[in-house]
Amino acid sequence: MRDALALLAAAHMHRPFPPGARGRDVAGQDLVLLDADAYAYSANVLKGPLPDRRYAEFTRLAAGFDAVLPALDDPYAAGCCTRLRDMAVLALEVEALRRKQGPSKSRSGRARG
Numbered sequence: 090m091r092d093a094l095a096l097l098a099a100a101h102m103h104r105p106f107p108p109g110a111r112g113r114d115v116a117g118q119d120l121v122l123l124d125a126d127a128y129a130y131s132a133n134v135l136k137g138p139l140p141d142r143r144y145a146e147f148t149r150l151a152a153g154f155d156a157v158l159p160a161l162d163d164p165y166a167a168g169c170c171t172r173l174r175d176m177a178v179l180a181l182e183v184e185a186l187r188r189k190q191g192p193s194k195s196r197s198g199r200a201r202g
């Protein structure tokens, strides 16, 4: 799963942002911020465990796609947003599995002792 997430993240960085979506709010979400935040959280999952607070923020952010996707009328923007949502969902699954397996470090970043 982690390898698939890395591939999705790399592909995301090579895909141009939808020009018509710049500066646009959809369903209360700024699309540029949604894109940047979802990518940043996903990239951080690849680096290691998320702190509990960041995991909760990422979960809320990912839920925002449920309102944004149906409101997009541009097919390219909708496709980009769908791929971004898929990447975020996979990142959350990677993090959930990591939490279930019990990482060697606590989510605060300190070694358990």
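Here my numbering is used: the first residue of the sequence shown is 90, the next is one more, and so on.
Virtual Cβ for every residue (Gly too), placed ideally from N, Cα, C.
Is the beta carbon of phenylalanine 154 less than 7 Å from the beta carbon of arginine 174? yes
Local conformation of aspartate 126 per DSSP, three classes: helix
Can you tell me where the alpha helix (DSSP H) with methionine 176 in it begins and where it stops? Counted as a single uninterrupted DSSP element, the alpha helix (DSSP H) harbouring methionine 176 occupies residues 164 to 190.
Whose C-beta lies closer than 7 Å to the C-beta of alanine 160 among residues of the same chain, with five residues either side of it excluded? The residues are Val115 and Ala116.
Run through the DSSP bridge pairs and tell me what aspartate 119 is partnered with. Asp114
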